[in-house]
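Here the structure comes first, spelled out in structure tokens, and everything after it is commentary.
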Amino acid sequence: MNKTIPLRQMQAGQSGVIAEVASGGELGRRIRDMGLVPGSPILIIGRAPLKDPVALRLKDFTLTLRNNEADFIQVHVDE
Amino acid sequence: MNEASRESGPITIALAGNPNSGKTTLFNALTGSHQHVGNYPGVTVEKKEGFAAHQGVRIHVIDLPGTYSLTAYSQEELVARNYLAEERPAAVVDVINAGSLERNLYLCVQFLELGIPLILALNMMDEARSKGMTLNTDLLAKRLHAPVVETIARHGQGKNRLLREIVELTREGRRPWRPLTISYGPDLDPVLTEMTARIEAESFLTDRYPARWTALKYLEGDEEITLLGRKAGALGAVLESSVKTVAEHCRKTLNTYPEAIIADYRYGFIASLLKGVLTHDTHAQRIAVSDQMDKVLTHTFLGPSIMALLLFGIYELTFTLGQTPMDWVEAFFSWLGSTVTGLMPPGLLRSMLVSGVIDGVGGVLGFVPLIAIMFFCIAFLEDSGYMARIAYMLDRVFRIFGLHGCSVMPFIVSGGIAGGCAVPGVMASRTLRSPREKLATLLTAPFMTCGAKLPLFILLSGIFFPSHQASALFVVTLTGWAAALVVARILRSTVIRGPATPFVMELPPYRWPTLRGMCIHTWERTWEYIKKAGTVILAISILIWAAMTFPQLPESRVQEFEIRAAELEADGADQEVLTALENERGQAALLHSMAGRLGVALEPISRLAGFDWKINIALTGGFAAKEVIISTLGTAYSLGEGEVETESLGRRISKDPNWDLPRAVSLMLFVLLYAPCFVTIVAIARESGSWGWALFSLGFNTVFAFALAVSVYQGLSLIR
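Taken in sequence, the protein lines are chains A and B.
Per my numbering, the first sequence runs over residues 1 to 79.
Per my numbering, the second sequence runs over residues 1 to 720.
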């Protein structure tokens, strides 16, 4: 089954494909410059010791985001 | 190579690329030791340049700051793009991390759209291959219409081929820019065409950028271009209204933004570029070693413990390794002092050379070995990629105090790991986008244990905590952090209130740093320190020596001392009594001097924190530069004592009954926290864009430090 969840709810080790980046302005631009655009497959690597920020792997590099920034990103995940 | 290019002087090329693409390593490989570090005029972004030569052609290499994009959101991006537009280098070498080709090409596409002659350096090819990636470089070069060179900068591989391509490409001198046109789809293309025509008709910025590029920047909401447009008159308003219309249309019909569409099409263009160029070996889709290491190094419990151990280990290493060379340097300067004393007749000149120059500068240079080792360790953390993990692990904590994970860097460079310097630390804060978090970082970074304060801490902890020197220093450093965080929190909830900014950051893969790269980093920073000791500190030492020497004792007092000495000698008094008299005379002279009078005038207040007039003189000098504190103390003690003695400052202090533990602790606390040095204040003024904040840090930090020093001194004195 296929469903769409916010990035914040993903578990370490879970993977998916970005469905939507609902942010404009500076944050949106930063996210897109780094290659987080709809259609990109991502894998959650882990979270910092205090569960925030989250580290995720895009095709070929690792990126970190805070949870409240991850909230703008919706991901298609397999179940 | 032809004669023309040999005669027309060096050709200028710019080195550009994403952060962590190995740009600096390639720059070092190309230019060797012929490099120069400075700042771009008007802004504090670091400017590195150097020369390379190939077949008799001199190549002037400019290292542009690392950027992900050319939209003017950060100062780095603005500098990179303005440099290209204004200086028009003969070519840009885009350094690309071949291991993350797709994302690195995002910047490359923007260079292509700008039209500047381009050479691609596919760097870190070894890592890309070990990831199981196969690249068809020739096909990529054909599609880009630009030379593509594979390099492994850390081994110098591909360097000659790259130089050859640079010479080849720029052979016929300056080439015109040939901008690439990408389609941005049915929603944006018509409006782009329309805007481009208008921009061309009015020649708006066309001497700097291609018209279509300017139009694109409008659609991306670029602040700088928009402002320039407003200044240009009616055209700005017309372009802005076109953008507004299309943005509304996008939101209504597609629920998206023009800049999102632009990014999508760019990535689409990159995907089509890479079709058939890049193949992933699916069998080798193993988790990279880096990810494995992160599982341990950023683990919930292990991560922070390893981080603390590592930072503590750096102290131990620094002190164990640094002690011996430090003793050598100290021995050298005390030998130099006694030699000069022996060679020259007594008098003002000798006094200036020995007490002012040798004691003053020697006190500062004595710490060069320690500082070099500390910088070497920091270079290791930066180059290995661990520094980014520190920011990642600490972001959540920093946010509590109204800061940003990236504030870690300025803090650490300022001396968060003791031995840094607040000047580059304050400059490092420019990576912070939010003016509020940046300001809070700027104002609190000077609380850290910088290399200039370090000598005093080492000296005092050596005397008062002889068996726990490393731990004492660790506590001082932690105190610096605590003060910085608490004050940041106070500032962020009072004078600089506002929401937090995004934390979108790359975690570069772990790499084993090259010795050469670390040595270059260490040398650059250590040399800055030595230069400061040789110039600013030297001048201030002499100035302070003068303040401590003039006005001299009036003739009547001098005679008084001479008569007493003659009487004692006639009575056959032993050397000890004579030395005591000599000391008394020195003290009287110092008290009579300008500095002495100021020190005494401050005593009624400073006594609350346990400081006497000698310390007051040193602390006043410390407003100019913190190194001066220890050299002034050195001068004060050496002027205040007999001529024959050439004891180190440490011995003098440990013998002085006025020094006790509460005074030592209170002094360390005050020095840690009081006003930043003059150079840092200038840097704060530049980075914050206002002298108000610089003066604020001067006043606020001094009052804050004094209040804490007084309470600690009084508290400790009560307990004892």
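We put the beta carbon where it would ideally sit given N, CA and C, even for glycine.
Query raised in the report: Excluding five sequence neighbours on each side, which residues of the same chain lie with their C-beta closer than 7 Å to the C-beta of VAL148 (chain B)?
Result: LEU120, LEU122, THR137, LEU140 and ALA141
Requested in this report: Kindly identify the DSSP beta-bridge partner or partners of ASP264 (chain B).
Outcome: The partner list for ASP264 (chain B) (beta bridge, DSSP) is empty, contrary to what the question assumes.
Query raised in the report: Tell me which same chain residues have a C-beta within less than 7 Å of the C-beta of SER203 (chain B), skipping the five on either side of it?
Result: none
Requested in this report: Just the C-alpha distance for CYS101 (chain B) and GLY385 (chain B), rounded to the nearest angstrom, thanks.
Outcome: At residue 101 (chain B) the sequence reads Leu, which differs from the Cys that was named. In a straight line, the C-alpha of LEU101 (chain B) is about 19 Å away from that of GLY385 (chain B).
**Report entry** chain A residues whose Cβ lies nearer than 9 Å to that of LEU507 (chain B)
**Finding:** Listed along the chain, the chain A residues whose CB falls inside 9 Å of the CB of LEU507 (chain B) are ILE45, ALA55, PHE61, THR62, LEU63 and THR64.
Requested in this report: Taking ARG30 (chain A) as the reference, give the member of B:HIS36, B:GLY233, B:SER69 and B:GLU49 with the closest Cα.
Outcome: B:SER69
Report task. Measure the Cβ-Cβ separation of THR635 (chain B) and GLY451 (chain B) and say whether it is below 8 Å. Result -> no
Report task. Could you list the residues in the stretch 23–35 of chain A with a C-beta less than 7 Å from some C-beta on chain B, going in chain order? Result -> GLY24, GLU26, LEU27, GLY28, ARG29, ARG30, ILE31, ARG32, ASP33, MET34 and GLY35
Query - Own chain residues within Cβ distance below 6 Å of TYR40 (chain B), not counting five before or after - result: Closer than 6 Å at Cβ, skipping near neighbours: LYS47 and VAL79.
Report task. Mind checking which residues open and close the beta strand (DSSP E) that includes GLN74 (chain A)? Result -> Segment 73–78, the beta strand (DSSP E) holding GLN74 (chain A).
Query - chain A contacts made by the stretch 392–417 of chain B, where a contact means CB separation under 9 Å - result: TYR392, MET393, LEU394, ASP395, ARG396, VAL397, ARG399 and GLY405
Report task. Would you tell me roughly how many angstroms separate the C-alpha atoms of ILE5 (chain A) and PRO369 (chain B), rounded to the nearest one? Result -> 55 Å
**Report entry** Uninterrupted alpha helix (DSSP H) stretches inside the stretch 410–439 of chain B (no shorter than 4 residues)
**Finding:** 422–428
Requested in this report: Output, in sequence order along the chain, the residues in the stretch 207–224 of chain B whose CB is closer than 9 Å to any CB in chain A.
Outcome: GLU220 and GLY221
Query raised in the report: Looking at ILE358 (chain B) and PHE333 (chain B), is the spacing between their C-beta atoms short of 8 Å?
Result: Result yes, Cβ atoms of PHE333 (chain B) and ILE358 (chain B) sit closer than 8 Å.
Requested in this report: For GLY16 (chain A), write down the residues that DSSP places opposite it in a beta bridge.
Outcome: GLY16 (chain A) pairs with A:ILE42 and A:VAL77.
Report task. Indicate whether the contact test is met: 3 or more Cβ pairs, each with one atom in the stretch 152–161 of chain B and one in the stretch 19–29 of chain B, closer than 8 Å. Result -> yes
Query - Beta-carbon spacing of GLU259 (chain B), GLU223 (chain B) below 8 Å - result: Cβ distance not < 8 Å, so GLU259 (chain B) and GLU223 (chain B) don't count as in contact.
Requested in this report: If I'm right that TYR392 (chain B) touches LEU507 (chain B) with Cβ under 8 Å, what's the distance once you round it to whole angstroms?
Outcome: Going by Cβ atoms, the distance from TYR392 (chain B) to LEU507 (chain B) rounds to 6 Å, so yes, they are a contact pair.
Query raised in the report: Hey, is GLY132 (chain B)'s beta-carbon within less than 8 Å of any beta-carbon in chain A?
Result: Judged by the 8 Å Cβ criterion, GLY132 (chain B) is not in contact with chain A.
Query - CB of ALA705 (chain B) within 8 Å of CB of LEU460 (chain B), strictly - result: no
**Report entry** Residue of A:ILE45, A:ASP33, A:LYS51 and A:VAL37 minimising C-alpha distance to GLU20 (chain A)
**Finding:** When each option's Cα is compared against that of GLU20 (chain A), the closest is A:VAL37.
**Report entry** For PHE447 (chain B) and ALA480 (chain B), believed in contact at Cβ under 8 Å, the rounded distance
**Finding:** Contrary to the premise, residue 480 (chain B) reads as Gly rather than Ala in this sequence. Contact flag correct, Cβ pair sits at about 5 Å.
Report task. For the stretch 65–80 of chain B, enumerate the residues whose C-beta is nearer than 7 Å to any C-beta of chain A, in chain order. Result -> TYR68, SER69, THR71 and TYR73
Report task. Run through the stretch 277–351 of chain B for me and flag every whole beta strand (DSSP E) of 3 or more residues, listed as ranges in chain order. Result -> 278–280
Query raised in the report: Taking the alpha carbon of PRO509 (chain B) as the point to measure from, which residue in A:GLY39, A:ALA12, A:LEU7 and A:LEU58 has its own alpha carbon closest?
Result: A:LEU58
Query raised in the report: If we ignore side chains and look at the alpha-carbon of each, how far apart do LEU718 (chain B) and LEU321 (chain B) end up?
Result: Note on geometry: alpha-carbon atoms of LEU718 (chain B) and LEU321 (chain B) lie some 39 Å from one another.
Query raised in the report: Using a Cβ-Cβ distance under 8 Å, would VAL277 (chain B) count as near chain A?
Result: no
Query raised in the report: Which word fits PRO551 (chain B), buried or exposed, when buried means at least 16 other C-beta atoms lie within 10 angstroms of its C-beta?
Result: exposed
Query - VAL17 (chain A): contacting residues in chain B (beta-carbon distance under 8 Å) - result: Residues of chain B passing the Cβ test: none, with the nearest at roughly 14 Å.
**Report entry** Boundaries (first-last residue) of the alpha helix (DSSP H) holding GLY724 (chain B)
**Finding:** Absent from the structure is residue 724 (chain B), since the part of chain B shown begins at 1 and ends at 720.
Query - Own chain partners of GLU643 (chain B) with C-beta closer than 8 Å, once the 5 adjacent residues on each side are dropped - result: Bear in mind that the predicted position of GLU643 (chain B) carries a pLDDT of just 46, short of 50, making it unreliable; the figure below should be weighed with that in mind. Correct list, in chain order: THR341, PRO346 and GLU582.
Requested in this report: Look at the alpha carbon of PHE670 (chain B) and the alpha carbon of PHE72 (chain A), and state the distance between them as a whole number of angstroms.
Outcome: Each residue's alpha carbon lies about 46 Å from the other.
Report task. Would you list, in chain order, the members of the stretch 489–520 of chain B that have their beta-carbon closer than 7 Å to a beta-carbon of chain A? Result -> PRO502, PHE503, VAL504, MET505, GLU506 and LEU507
Query raised in the report: In terms of residues, what are the limits of the beta strand (DSSP E) holding PRO6 (chain A)?
Result: 2–6
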